[in-house]
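Notes follow once the structure below has been shown.
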Amino acid sequence: TILAAVASDAAALLVGSRIGRHPFFAAISPKKTLEGAIAGVIGSVLVMLIGVSAVLGLNPLHAIALGVLVGTSAEVGDLVESQMKRLAEVKDSSHLIPGHGGVLDRLDSILFPPILVYLYVMVFHLL
Numbered sequence: 072t073i074l075a076a077v078a079s080d081a082a083a084l085l086v087g088s089r090i091g092r093h094p095f096f097a098a099i100s101p102k103k104t105l106e107g108a109i110a111g112v113i114g115s116v117l118v119m120l121i122g123v124s125a126v127l128g129l130n131p132l133h134a135i136a137l138g139v140l141v142g143t144s145a146e147v148g149d150l151v152e153s154q155m156k157r158l159a160e161v162k163d164s165s166h167l168i169p170g171h172g173g174v175l176d177r178l179d180s181i182l183f184p185p186i187l188v189y190l191y192v193m194v195f196h197l198l
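If you want it as structure tokens, here you go:
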């Protein structure tokens, strides 16, 4: 789950910064793009397909659903943290990690996915 969230974050940043043209929640996070958000979900799906489906033997449809869930909730976590910073009128959440927006910017995308994956696993009795 964490690896898929990190892959989502990385894919969103890479694609969004290179080919992103359409703003995505610009009022909350001006540099976010729709292209980046879509790439983030795709990155998460690919990691879940490889990690969950191929390695753990889970049905590929569950892996795809989990990938979409992780990618989407990682994006939501990032947006929630960005909104919190805007409301607090701060640019970076700390100076412990220079140039990366602070500690929360490194953790925001991994806060929600584990909770939602746990709920998904319990609802579909995957363990």
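Under our numbering, the very last position in the sequence shown is 198; numbers go up by exactly one each time. For each residue, glycine too, the CB sits at the ideal point set by N, CA and C.
With H, G and I counted as helix, E and B as strand and the rest as coil, what does DSSP make of residue i?
{"i": "Pro-94", "result": "strand"}
{"i": "Thr-143", "result": "helix"}
According to the neighbour-count rule (16 or more other Cβ atoms, all chains shown, within 10 Å of its Cβ), is residue i buried or exposed?
{"i": "Ser-144", "result": "buried"}
{"i": "Val-194", "result": "exposed"}
{"i": "Lys-156", "result": "buried"}
{"i": "Pro-184", "result": "buried"}
Identify which residue in the options has its Cα closest to the Cα of residue i.
{"i": "Leu-85", "options": "Leu-127, Lys-103 and Asn-130", "result": "Lys-103"}
{"i": "Val-151", "options": "Gly-142, Asp-179 and Leu-198", "result": "Asp-179"}
{"i": "Arg-92", "options": "Val-123, Ile-121, Ile-186 and Ile-109", "result": "Ile-109"}
Between residue i and residue j, is the Cβ-Cβ spacing less than 7 Å?
{"i": "Leu-182", "j": "Gly-138", "result": "no"}
{"i": "Gly-142", "j": "Ser-100", "result": "no"}
{"i": "Gly-111", "j": "Ala-83", "result": "yes"}
{"i": "Met-119", "j": "Ala-134", "result": "yes"}
{"i": "Val-192", "j": "Thr-72", "result": "no"}
(request) List in chain order: all unbroken alpha helix (DSSP H) runs of 4+ residues lying wholly within the region 92-139. (result) 105-119
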